[in-house]
Amino acid sequence: MAVLDFIVRQPKTKTEENPPLLMLLHGYGSNENDLFAFAEYLHPSLMVISLRAPHALPMMGHAWYSIHFDAEQGKWSDDEEAIGSCELVLQFLDELIEIHPYDNTQVHLLGFSQGAILSYALGLTYAKRFASVIALSGYLNENITQLPQPDDAPALYAAHGSLDEVVPFDWGQRSAELLQQKGFAIQFDAFPLGHTVGQEGFYKLLEWQNALLDS
Numbered sequence: 041m042a043v044l045d046f047i048v049r050q051p052k053t054k055t056e057e058n059p060p061l062l063m064l065l066h067g068y069g070s071n072e073n074d075l076f077a078f079a080e081y082l083h084p085s086l087m088v089i090s091l092r093a094p095h096a097l098p099m100m101g102h103a104w105y106s107i108h109f110d111a112e113q114g115k116w117s118d119d120e121e122a123i124g125s126c127e128l129v130l131q132f133l134d135e136l137i138e139i140h141p142y143d144n145t146q147v148h149l150l151g152f153s154q155g156a157i158l159s160y161a162l163g164l165t166y167a168k169r170f171a172s173v174i175a176l177s178g179y180l181n182e183n184i185t186q187l188p189q190p191d192d193a194p195a196l197y198a199a200h201g202s203l204d205e206v207v208p209f210d211w212g213q214r215s216a217e218l219l220q221q222k223g224f225a226i227q228f229d230a231f232p233l234g235h236t237v238g239q240e241g242f243y244k245l246l247e248w249q250n251a252l253l254d255s
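Numbering of the sequence shown is given in this note's numbering, commencing with residue 41 and proceeding in unit increments.
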C-alpha cells in the first residue's frame with residue numbers, strides 16, 4: 041500500500057516503454073479528485089497520478105501542511121510539515137514505480153495553490169528527479185526550497201490570477217521574477233481571475249506542457 045492515497049489515469053497511448061508521469065498536487069482543503077478533472081484533457085502519453093495530501097483537516101479536505109492564524113504573527117505556514125510532505129511525495133514515487141511502472145527520467149509536477157508551493161519545493165530542491173513543474177496560483181517558499189544551478193532545473197511554468205484573493209498575485213509574480221533574476225528559465229502568465237484556473241489558463245498550460253512533451 042502506498043504511503044499516500046491516489047487515483048490514476050493510465051496513458052491513452054500504449055507503448056512498450058514505461059510512460060512519463062504527471063503528479064497532481066491539490067490545494068489546501070481539497071482532495072485528489074479536484075485536479076483530476078484535468079486528467080482527460082492532458083497529453084495522451086502521460087500516466088496521471090493525483091495525490092491526496094497527508095493531513096486531514098477538521099472540517100473537510102486535506103492539506104500538505106498546516107496554515108496557522110496567530111494574533112501576533114498573523115498567518116503563517118508550518119514549514120516543517122511542508123518539508124515532511126515533500127519527503128512523503130519522494131517516498132511515494134519510490135513505491136509507485138513498483139505498482140505502476142513509469143519513466144523515472146520523465147516525472148512532471150502540476151500543483152495548485154498549496155500544491156503549487158510544494159511543487160516548486162520538490163522540483164527545485166530535487167531537480168534531478170523532476171522534468172518539469174507547473175505552479176498555478178502559488179509561490180516560491182524559500183524556507184522549504186533549495187535552489188539548484190539554473191542549468192540543472194526542471195522546465196518551469198507558472199500562472200496566477202491577478203484578482204487572487206487567497207494567494208496574492210504579487211507573491212506569484214515576484215517568485216517568477218526572482219527565479220528569472222537568478223538565471224532560471226520560467227514562463228509566467230497572468231489572467232484576470234481570482235483563486236482559480238480558468239479556461240484560458242488551462243489552455244495555456246496545456247499548450248506549454250504539450251510542446252514540452254512533444255519536443
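Note that beta-carbon positions come from the ideal geometry of N, C-alpha and C, so glycine has one too.
Can you tell me whether residue i is helix, strand or coil according to DSSP?
{"i": "residue 129", "result": "helix"}
{"i": "residue 229", "result": "strand"}
{"i": "residue 169", "result": "helix"}
{"i": "residue 75", "result": "helix"}
{"i": "residue 159", "result": "helix"}
{"i": "residue 124", "result": "helix"}
{"i": "residue 62", "result": "strand"}
{"i": "residue 149", "result": "strand"}
{"i": "residue 139", "result": "helix"}
{"i": "residue 253", "result": "helix"}
{"i": "residue 164", "result": "helix"}
Chain B beta carbons: is any one of them nearer than 7 Å to that of residue i?
{"i": "residue 133", "result": "You won't find chain B in this structure, because it holds only one protein chain."}
Tell me whether the beta-carbon of residue i lies closer than 7 Å to the beta-carbon of residue j.
{"i": "residue 46", "j": "residue 89", "result": "yes"}
{"i": "residue 188", "j": "residue 167", "result": "yes"}
{"i": "residue 231", "j": "residue 201", "result": "yes"}
{"i": "residue 72", "j": "residue 92", "result": "yes"}
{"i": "residue 145", "j": "residue 164", "result": "no"}
{"i": "residue 154", "j": "residue 43", "result": "no"}
{"i": "residue 228", "j": "residue 190", "result": "no"}
{"i": "residue 125", "j": "residue 104", "result": "yes"}
{"i": "residue 219", "j": "residue 226", "result": "yes"}
{"i": "residue 143", "j": "residue 250", "result": "no"}
So does residue i have its beta carbon nearer than 6 Å to some heavy atom of the ligand GTP?
{"i": "residue 223", "result": "The ligand GTP is absent from the structure shown, which contains no ligand whatsoever."}
Once the 5 residues before and after residue i are set aside, which same chain residues still bring their CB inside 8 Å of it?
{"i": "residue 205", "result": "234, 235"}
{"i": "residue 28", "result": "Here the chain covers residues 41 to 255 and nothing more, so residue 28 does not appear."}
{"i": "residue 84", "result": "51, 52, 53"}
{"i": "residue 238", "result": "201, 231"}
{"i": "residue 192", "result": "167, 168"}
For residue i, which residues of its own chain have a beta-carbon under 6 Å away from its beta-carbon, when the five flanking residues on both sides are left out?
{"i": "residue 174", "result": "150, 197, 245"}
{"i": "residue 241", "result": "199, 231"}
In terms of alpha-carbon separation, which member of the options lies closest to residue i?
{"i": "residue 128", "options": "101, 162, 82, 99", "result": "162"}
{"i": "residue 87", "options": "147, 224, 98, 169", "result": "147"}
{"i": "residue 102", "options": "76, 65, 203", "result": "65"}
{"i": "residue 210", "options": "124, 138, 177", "result": "177"}
{"i": "residue 69", "options": "243, 99, 203", "result": "99"}
{"i": "residue 97", "options": "81, 123, 67, 156", "result": "67"}
Here's a check: name, in chain order, each residue in its chain whose Cβ is nearer than 7 Å to the Cβ of residue i, leaving out the five neighbours to either side.
{"i": "residue 252", "result": "172, 195"}
{"i": "residue 35", "result": "Here the chain has residues from 41 to 255 only, and residue 35 is not among them."}
Subject >> Continuous alpha helix (DSSP H) assignments of at least 4 residues falling wholly in the stretch 197-251 >> reply: 209-221
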